[in-house]
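Asker: Mind looking over this structure? Questions follow.
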Amino acid sequence: MSPRRNERSLVRPHVVTGGRAHPTRNVFDLVTLVIAAGDLPRAGLSPEKLRIVELCRGGALSVAEIAGHLGLPVGVAKVLLSDLVDSGHLTTRATAPAAQQSKVRLLQEVLDGLRARL
Amino acid sequence: MDSALASDTPYVRDSVRTAVKVLIVGHFAVGKTTYVGTLSEIRPLRTEERMTQAGASVDDLAGIRDKTTTTVAMDFGRLTLSDDLVLYLFGAPGQQRFTRLWDDLARGALGALILVDTARLKESFAVMDIVEKQGLPYAVAVNHFDGSPRFPDEEVREALDLAATTPLITCDARDRRSSTEALISLVDHLLTLDAETP
Ligand SMILES: Nc1nc2c(ncn2[C@@H]2O[C@H](COP(=O)(O)OP(=O)(O)OP(=O)(O)O)[C@@H](O)[C@H]2O)c(=O)[nH]1
Ligand SMILES: [Mg+2]
Numbered sequence: 120m121s122p123r124r125n126e127r128s129l130v131r132p133h134v135v136t137g138g139r140a141h142p143t144r145n146v147f148d149l150v151t152l153v154i155a156a157g158d159l160p161r162a163g164l165s166p167e168k169l170r171i172v173e174l175c176r177g178g179a180l181s182v183a184e185i186a187g188h189l190g191l192p193v194g195v196a197k198v199l200l201s202d203l204v205d206s207g208h209l210t211t212r213a214t215a216p217a218a219q220q221s222k223v224r225l226l227q228e229v230l231d232g233l234r235a236r237l
Numbered sequence: 025m026d027s028a029l030a031s032d033t034p035y036v037r038d039s040v041r042t043a044v045k046v047l048i049v050g051h052f053a054v055g056k057t058t059y060v061g062t063l064s065e066i067r068p069l070r071t072e073e074r075m076t077q078a079g080a081s082v083d084d085l086a087g088i089r090d091k092t093t094t095t096v097a098m099d100f101g102r103l104t105l106s107d108d109l110v111l112y113l114f115g116a117p118g119q120q121r122f123t124r125l126w127d128d129l130a131r132g133a134l135g136a137l138i139l140v141d142t143a144r145l146k147e148s149f150a151v152m153d154i155v156e157k158q159g160l161p162y163a164v165a166v167n168h169f170d171g172s173p174r175f176p177d178e179e180v181r182e183a184l185d186l187a188a189t190t191p192l193i194t195c196d197a198r199d200r201r202s203s204t205e206a207l208i209s210l211v212d213h214l215l216t217l218d219a220e221t222p
């Protein structure tokens, strides 16, 4: 296990996000799934953004998991993730559908999945 | 050139397209962390947010240094339910004043499982208020501690002022089967509610 995983960020959140408190887009839920997109050049990315891109290269993770693995407050992680989606380094996967009919289907799928674990 | 960080991270399966969440809530030391840990397939993770007493993010108060801030931790875990679907469980703190954190937690959540302890039923009122204010459907699970009194369901319902349709179950947060059954009761209830509203 990497000792880096639980390391708390030593840098003040404001420095990490370049002084901004809010993401450029408001699309991130705690469970939005994020994954690296292609192999864009990483030159010029801040150390924190580099760590996020490195982490996301391995596969999909939720916003909350990315924050947890990197020891970042969720609010800070959202700002950085938003920048990285804007710059094309990351992309998001669709999350829960909104329509009522599919909500019922979704709940049924959750229920079936839970029952299968008994 | 895989970093150690990436190589031992439990990623979400490639086929998964949908992620949903359920909140596990309750007063101090009622068993939230235990419950999430029992059901999660990944080692539970924890994030910390620095909040002001007023409930705003510290980030919103840049430059103001003498505000009282508190660190609020929430832990969460993950369950893969099908090739397509993962469920996240968030153990949420019971403090009402962290409005922004609660808005964030509740947004898009399917519902909440409220853990209660029969020895301290009154301590659950505050957290039930939050869940109701957030408009989240919920079920109540008595996490049975050794030595806690066993009351008939009717008395617990009355003490917590539960609607007749709200599921009340008993569970042991340390036990996987029992904890899964509590979650099933919640989702069953959510399904009934959604089938009723056209
Ligand atoms: N006997 C018994 N003990 C339990 C049960 N669930 C949790 N505990 C114990 O109760 C204590 C508190 O449990 P936690 O899971 O940390 O509770 P929590 O709600 O996360 O607590 P906070 O995050 O501090 O509010 C721990 O020592 C657990 O081992 C249970 O079902 N039965
Ligand atoms: Mg806890």
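If you're matching them up, the sequences are chains A and B in order. If you read the first sequence in the working numbering, its first letter stands for residue 120, the second for the next number, and so on. If you read the second sequence in the working numbering, its first letter stands for residue 25, the second for the next number, and so on. Beta carbons: idealized from backbone N, C-alpha and C, even for Gly.
Checking 7 Å against the spacing of the C-beta atoms, do Leu233 (chain A) and Thr190 (chain B) come in under that value?
Answerer: If you number the first sequence from 1, residue 233 (chain A) lands on position 114. If you number the second sequence from 1, residue 190 (chain B) lands on position 166. Going by C-beta atoms, Leu233 (chain A) is not nearer than 7 Å to Thr190 (chain B).
Asker: Closer than 5 Å between the C-beta and any heavy atom of ligand 1: which residues qualify, listed along the chain?
Answerer: Those satisfying the condition are, in chain order, B:Phe52, B:Ala53, B:Val54, B:Gly55, B:Lys56, B:Thr57, B:Thr58, B:Asn167, B:Phe169, B:Asp170, B:Asp196 and B:Ala197.
Asker: Taking 7 Å as the threshold (C-beta atoms), are Leu159 (chain A) and Ala183 (chain A) in contact?
Answerer: Indexing the first sequence from 1 puts residue 183 (chain A) at position 64. Indexing the first sequence from 1 puts residue 159 (chain A) at position 40. No, they are not a contact pair.
Asker: For the alpha helix (DSSP H) containing Ala196 (chain A), name the first residue and the last one.
Answerer: One-based indexing of the first sequence puts residue 196 (chain A) at position 77. Counting along the chain, the alpha helix (DSSP H) containing Ala196 (chain A) begins and ends at Val193 to Asp205.
Asker: With a threshold of 7 Å between beta-carbons, can Ala43 (chain B) be considered close to chain A, or not?
Answerer: One-based indexing of the second sequence puts residue 43 (chain B) at position 19. Output row for Ala43 (chain B): interface = yes.
Asker: Applying a beta-carbon distance threshold of less than 8 Å, which residues of chain A neighbour Val49 (chain B)?
Answerer: For the purposes of this step, residue 49 (chain B) is taken as residue 25 along the second sequence, with counting starting at 1. Those within 8 Å of Val49 (chain B) in chain A number zero; the least Cβ separation is about 15 Å.
Asker: Kindly say whether Ser165 (chain A), judged by its beta-carbon, lies nearer than 7 Å to any beta-carbon of chain B.
Answerer: Working through the first sequence from its first residue, we reach residue 165 (chain A) at position 46. No, because no Cβ of chain B sits closer than 7 Å to the Cβ of Ser165 (chain A).
Asker: Taking CB distances under 7 Å as the criterion, tell me whether Pro160 (chain A) reaches chain B.
Answerer: Here residue 160 (chain A) is taken as the residue at index 41 of the first sequence, counted from 1. Taking Cβ atoms only, chain B never reaches closer than 7 Å to Pro160 (chain A), which makes this a no.
Asker: Would the beta-carbon of Leu103 (chain B) fall within 7 Å of that of Leu111 (chain B)?
Answerer: Translated into the one-based positions of the second sequence, residue 103 (chain B) becomes position 79. Translated into the one-based positions of the second sequence, residue 111 (chain B) becomes position 87. The answer is yes: Cβ separation under 7 Å.
Asker: Out of A:Lys222, A:Val229 and A:Pro166, which one is the CA nearest neighbour of Ala11 (chain B)?
Answerer: Residue 11 (chain B) is absent from the model: chain B starts at 25 and stops at 222.
Asker: Can the beta-carbon of Ala179 (chain A) be found less than 7 Å from the beta-carbon of Ile154 (chain A)?
Answerer: Looking up residue 179 (chain A) in the first sequence gives position 60. Looking up residue 154 (chain A) in the first sequence gives position 35. Yes. Within cutoff.
Asker: Under three-state DSSP, which class holds Asp90 (chain B)?
Answerer: Along the second sequence, read from residue 1 onward, the residue named residue 90 (chain B) stands at position 66. For Asp90 (chain B), the predicted model reports a pLDDT of 48, less than 50, meaning its position is unreliable and no value from the coordinates is stated.
Asker: Among the candidates B:Pro34, B:Gly50, B:Met75 and B:Leu207, whose CA atom is the shortest distance from the CA of Leu237 (chain A)?
Answerer: Start at 1 with the first residue of the first sequence, and residue 237 (chain A) comes out as number 118. It is B:Leu207 whose Cα lies nearest to the Cα of Leu237 (chain A).
Asker: CA-CA distance, Asn167 (chain B) and Glu228 (chain A)?
Answerer: Taking the second sequence and counting its residues from 1, the one referred to as residue 167 (chain B) is at position 143. Taking the first sequence and counting its residues from 1, the one referred to as residue 228 (chain A) is at position 109. So the two alpha carbons sit approximately 26 Å from each other.
Asker: If you measure from the beta carbon of Ala179 (chain A) to each beta carbon in chain B, is any gap under 7 Å?
Answerer: In the first sequence, the residue the question calls residue 179 (chain A) occupies position 60. Chain B contact via Cβ: present.
Asker: Extract the residue ranges of the alpha helix (DSSP H) inside the region 110-153 of chain B, only unbroken runs of 4 or more that lie entirely within it.
Answerer: With a minimum length of 4 residues, the continuous alpha helix (DSSP H) runs that stay inside the region 110-153 of chain B are 123-130.
Asker: Given that Ala186 (chain A) touches chain B, what residues does it touch there, using C-beta distances under 7 Å?
Answerer: Numbered from 1 along the first sequence, position 67 holds the residue referred to as residue 186 (chain A). In chain order: Thr71.
Asker: Touching or not, the region 194-204 of chain A and the region 158-167 of chain B, by the rule of three or more beta carbon pairs under 8 Å?
Answerer: Too few Cβ pairs lie closer than 8 Å, so no.
Asker: For Ala136 (chain B), which residues of its own chain have a beta-carbon under 6 Å away from its beta-carbon, when the five flanking residues on both sides are left out?
Answerer: Mapped onto the second sequence, residue 136 (chain B) falls at position 112. Closer than 6 Å at the Cβ level, and outside the excluded window around Ala136 (chain B), lie Leu47, Val49, Val155, Leu160 and Tyr162.
Asker: Give, in chain order, every residue of the region 225-237 of chain A whose Cβ lies closer than 9 Å to some Cβ of chain B.
Answerer: Correct list: Leu225, Leu226, Gln227, Glu228, Val229, Leu230, Asp231, Gly232, Leu233, Arg234, Ala235, Arg236 and Leu237.
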